[in-house]
Amino acid sequence: MANLSFSHKLLVGFIGSLGVGLVGVIALTIWVFASHSNTPSRPDPITINPTAAIGSSGSSVAIKDITSKLARELGFDVMPAVTMPLDNPLTDAKIELGKILFFDSRLSGNGLLSCATCHQPTLGWGDALDINFGYPESLHWRNSQTIINSAYWPLLFWDGSTKSLESQAKAAWTGATGQNIDSMLLEERLAQAPEYVAMFKDVFGTEIPLFDDALRAVAAFEATINTVNAPFDAWIAGDESAISASAKRGMELFVGEAGCSACHGGPLFSDFSYHNLGVPANEKFVVDPQRQLAFRYQNRKKGVPEHDYREATNDLGLYYVTKLEDDRGKFRTPFLRDLVQTGPYMHNGTISTLEGVVQFYNAGGGSHDNKDSLLSPLGLTSDQVADLVEFLLTLSGDPIIVEPPAMPEYEVAG
Amino acid sequence: MNRSAGVVIVVIAIVLFAIPVAVATNSIPGSTSPPEWVDEPAVSTAYGSQEELGKVLFFDPRLSDDGQTSCASCHLPSKSWTDGKALSDGGTSNLYFRNTPTLLNATKQGQAFWDGRLHGSDPATVVREHIVEAHFGNLDGRLMVERILQVPEYDAAFRDQFGGEPSFGKVLNAVVAFLNTLESEDNPYVDYKGGDNSALSDEQIAGLNLFEGKAGCSSCHSGELLTDNDWHAIGASDNPEIFTEPERHITFRRFFKILGVGTYAQLREDIGLSALTHEDSDLRKFRTPSLLEAGATAPYMHSGMLATLSDVVRFYNDGGGSVVTKDAAISPLGLSESEIAQLVAFLESLQSPIEPFTEPEIPSYGLLTLGGNQ
């Protein structure tokens with residue numbers, strides 16, 4: 005180097021530093037892609053007592069003569085008590101207020117839709133449709149989930165996109181495909197009924213009803229809608245005769261060969277995580293123009309790269325929340341309680357019966373590039389399928405019927 | 207090697223770095239090629255202009271949340287583009303708290319709405335409020351665009367007339383293009399001012415002379431459009447239905463709450479401009495409407511409380527109403543009964559004849575090939 009002129013040294017220095025910069029950029033790029041992992045960038049979901057008998061592949065361990073004691077050792081149990089957030093403790097008055105709000109169809113853009121419209125008590129607190137109707141002219145794109153046991157979810161919706169039951173009520177009330185009402189307009193509709201004003205003051209101590217308190221009240225009411233008298237719960241508590249022999253065989257498969265409990269474990273039968281099963285797309289998006297535009301609207305609203313907006317043919321699920329490629333097509337592992345009341349099944353309602361669900365898994369799920377490796381054909385006989393269905397039926401309790409309460413009346417303000 | 211060769215190498219290196227950056231940032235949003243429709247739609251070629259496209263959108267109820275209300279629901283062609291009601295219905299399950307103005311000459315005025323909250327030079331934002339706001343269309347703008355994109359005629363028309371696929375801004379601009387065509391035509395007063403001395407009767411001319419003279423109307427209702435594009439308080443009374451009909455009072459309260467009026471719940475009067483400016487001196491000031499179509503757009507005032515032109519003239523003859531900020535120009539006029547009749551006759555001349563109007567056919571949704579450049 006010493007023999008080079010100044011300009012030569014400068015030149016070498018320039019090229020050298022460009023080279024170093026280039027190497028640095030390449031190294032940084034490799035590091036970013038290598039460290040890109042499967043972990044969502046939000047807190048880990050709650051895991052409740054993952055079942056001990058299952059290996060990581062979720063299959064091959066055969067259980068015989070299952071007893072409730074063994075099932076408890078595997079992590080199953082009666083449901084724990086509901087826990088409410090610290091800023092929303094349950095009181096009778098709040099629950100009563102929440103019930104009225106839940107059934108009040110004035111709390112919608114067109115004045116015709118209440119929470120109960122899509123979450124009907126007589127339809128398992130869902131709507132018995134594959135894909136929810138949504139709002140007039142603004143169709144929905146996913147299956148309406150049940151309110152039953154909804155207070156146990158830390159994150160709501162099929163893709164875990166809202167952080168609490170209270171936030172879910174906000175998304176549904178103000179969402180264009182929900183009740184589509186402006187939150188300030190909702191407050192003023194409440195304020196027009198002196199009975200509401202009095203109830204909010206009694207429960208929350210406010211002079212005027214506030215939207216956030218309405219969310220709390222609705223969540224409080226929803227927290228009281230939980231599985232009642234499921235035969236499984238009697239059995240797991242020790243009554244060995246509470247479920248049939250067929251159901252017991254079904255449970256043995258559930259925790260054994262069929263591997264269901266790899267995801268559907270614990271008292272709530274969910275790992276609170278997200279998996280891609282390769283559920284086939286709902287044909288409505290192929291043949292119904294209004295569902296097509298609904299699908300694009302969701303993609304635009306949730307924010308996806310342009311090529312996805314233009315070319316997507318299927319619901320991208322958890323990807324919308326995390327924007328991680330590995331999360332495409334993943335949906336929440338639902339609870340398996342009260343299935344009798346909550347068909348049709350899957351995020352798009354494409355499987356109508358419980359037998360259909362079991363056969364879906366028996367076939368190894370559907371097809372998708374990102375399908376969870378846990379799924380593979382199970383080789384179950386038709387008797388075994390029947391036993392599994394019999395078991396699933398024991399997780400369903402009594403219908404939870406709540407009569408719509410009387411609505412507070414608007415009065416002319418003084 | 208010499209210095210200049212070194213400089214060349216450095217420049218090349220920088221350019222090589224810059225190319226990927228340029229490529230990455232150069233993607234143009236918006237598809238330039240049409241989507242793949244399942245059936246080749248029979249696309250109407252009737253939308254030969256931006257105004258034509260805007261006219262169809264004006265009548266399309268899918269520009270409201272539940273697909274039930276179009277612009278024409280409150281701005282009817284058969285009623286000089288108003289609704290003939292004291293107070294507008296507003297959108298979906300609301301009822302509104304002010305009178306529906308005519309759209310004739312609307313895009314030429316200095317402000318929009320009775321409180322003049324939007325500037326006249328930006329009618330697109332006025333259209334936006336009607337589609338999106340909770341008291342009107344209550345429709346998420348992104349959802350509105352997806353509805354438009356699902357209609358083959360609209361997609362083709364926007365590409366032809368606006369150079370690209372439908373977008374929120376283009377929809378607004380199309381409607382504005384149509385609104386720009388709504389102007390006074392064969393209006394006797396306009397014709398008279400244009401030189402046709404037979405356009406007004408003698409009584410109407412006498413009324414015009416009062417309008418511009420003794421009655422002092424033209425101190426605010428001035429210029430070509432008979433408005434000074436300014437705000438004045440004249441004490442026009444409010445409509446009690448705002449406070450006796452819950453659906454109206456709800457909309458009223460929300461509106462003033464949104465504007466940050468702390469007393470929104472206690473208000474029992476429409477405070478007009480002061481809701482925007484928060485100045486006491488603007489209390490109950492409303493903008494001067496154009497009178498060019500006054501003969502056809504009863505009832506009158508922000509509240510629709512004056513049912514006829516005779517009521518209006520008598521109101522001013524009495525010196526207006528009672529309000530602390532009343533404009534100094536408003537005072538009793540001392541008009542005789544025959545002068546009142548002349549003034550009313552003149553005001554009745556202020557209208558374009560209502561021509562038969564054929565509402566356009568609203569095009570249907572089409573089916574796209576899912577995944578095919580939708």
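In order, the protein sequence lines correspond to chains A and B.
First residue of the first sequence: 5, per my numbering; consecutive thereafter.
First residue of the second sequence: 207, per my numbering; consecutive thereafter.
Beta carbons: idealized from backbone N, C-alpha and C, even for Gly.
Bounding residues of the alpha helix (DSSP H) (the contiguous stretch that carries residue i)
i	result
S112 (chain A)	First-last for S112 (chain A): undefined, no H or E at that position.
E447 (chain B)	447–450
V1 (chain A)	Missing from the structure shown is residue 1 (chain A); chain A here goes from 5 to 418 and no further.
Q548 (chain B)	543–555
C267 (chain A)	It is not in any alpha helix (DSSP H) - C267 (chain A) carries neither H nor E in the DSSP assignment.
H336 (chain B)	329–338
R353 (chain B)	347–355
K305 (chain A)	293–306
M203 (chain A)	198–208
P235 (chain A)	235–240
L482 (chain B)	480–483
H311 (chain A)	310–315
D408 (chain B)	408–418
E329 (chain A)	That residue, E329 (chain A), is in no alpha helix (DSSP H); it is neither H nor E in DSSP.
E170 (chain A)	169–178
Proximal residues of chain B, C-beta to C-beta of residue i below 8 Å
i	result
F289 (chain A)	L576
M203 (chain A)	Result: empty, since nearest Cβ-Cβ is about 18 Å, beyond 8 Å.
D186 (chain A)	A340, N344, R460
R146 (chain A)	Residues of chain B passing the Cβ test: none, with the nearest at roughly 16 Å.
T317 (chain A)	L576, G577
Top-ranked residue by Cα proximity to residue i, from the options
i	options	result
Y301 (chain A)	A:F225, A:V291, A:A316	A:A316
G478 (chain B)	B:C426, B:E451, B:R323, B:H281	B:R323
R353 (chain B)	A:S386, A:R304, A:I405	A:R304
C267 (chain A)	A:F339, A:T231, A:V207, A:F208	A:F339
L497 (chain B)	B:N393, B:N579, B:I218	B:N393
W437 (chain B)	B:D321, B:P452, B:S286, B:L263	B:D321
L549 (chain B)	B:N379, B:F417, B:G525	B:F417
I247 (chain A)	A:G401, A:V24, A:G102, A:G115	A:G401
Counterpart residues of residue i in DSSP-defined beta bridges
i	result
I355 (chain A)	A:Y349
Y278 (chain A)	A:R336
R493 (chain B)	B:W437
A318 (chain B)	B:L324
Y506 (chain B)	B:L512
G130 (chain A)	A:Q124
Y365 (chain A)	In DSSP, Y365 (chain A) forms no bridge with anything.
Under 8 Å from the C-beta of residue i: neighbouring residues of chain A
i	result
H508 (chain B)	What H508 (chain B) touches in chain A: nothing, since even the nearest Cβ is about 20 Å away.
S299 (chain B)	R110, S112, G113, N114, G115, L116
Y275 (chain B)	Here residue 275 (chain B) turns out to be Thr, not Tyr, going by the sequence shown. Neighbours of T275 (chain B) on chain A: none; closest Cβ ~10 Å, over 8 Å.
Y571 (chain B)	P293, Q294, L297
T450 (chain B)	V416
Distance cut-off 7 Å: residue i Cβ against heavy atoms of the ligand ATP
i	result
T385 (chain A)	What this structure holds is no ligand at all, so the ligand ATP is not there to describe.
Pairwise C-alpha distance: residue j and residue i
i	j	result
A551 (chain B)	Q410 (chain B)	5 Å
G375 (chain B)	L328 (chain A)	31 Å
F107 (chain A)	F225 (chain A)	11 Å
G368 (chain A)	V361 (chain A)	11 Å
G401 (chain B)	D408 (chain B)	15 Å
D342 (chain A)	V82 (chain A)	14 Å
F265 (chain B)	L465 (chain B)	30 Å
Y522 (chain B)	C426 (chain B)	13 Å
P49 (chain A)	K334 (chain A)	Low confidence applies here, because P49 (chain A) scores a pLDDT of 37, under 50, leaving its location unreliable; read the following figure in that light. Between P49 (chain A) and K334 (chain A), the C-alpha separation is close to 14 Å.
K288 (chain A)	D319 (chain A)	12 Å
G260 (chain A)	F161 (chain A)	29 Å
I355 (chain A)	D312 (chain A)	26 Å
P566 (chain B)	E242 (chain B)	26 Å
I58 (chain A)	D69 (chain A)	Unreliable placement is indicated for I58 (chain A), whose pLDDT of 36 sits below 50; no coordinate value is reported for it.
P381 (chain A)	L169 (chain A)	36 Å
K98 (chain A)	G115 (chain A)	23 Å
S41 (chain A)	Y278 (chain A)	In this predicted model, S41 (chain A) has a pLDDT of only 44, less than 50, meaning its place in the structure is not dependable; the value taken from the coordinates is given anyway. Cα-Cα distance, rounded: 15 Å.
G164 (chain A)	L322 (chain A)	7 Å
G102 (chain A)	W157 (chain A)	18 Å
K252 (chain A)	S371 (chain A)	31 Å
Residues that residue i contacts on chain B, provided the C-beta gap is smaller than 9 Å
i	result
V24 (chain A)	None at all; the shortest Cβ gap to chain B is about 12 Å.
Beta-carbon neighbours of residue i, restricted to chain A and to distances below 7 Å
i	result
S279 (chain B)	Correct list: empty, because the minimum Cβ distance to chain A is about 14 Å.
R353 (chain B)	L297
Proximal residues of chain B, C-beta to C-beta of residue i below 7 Å
i	result
K305 (chain A)	R348
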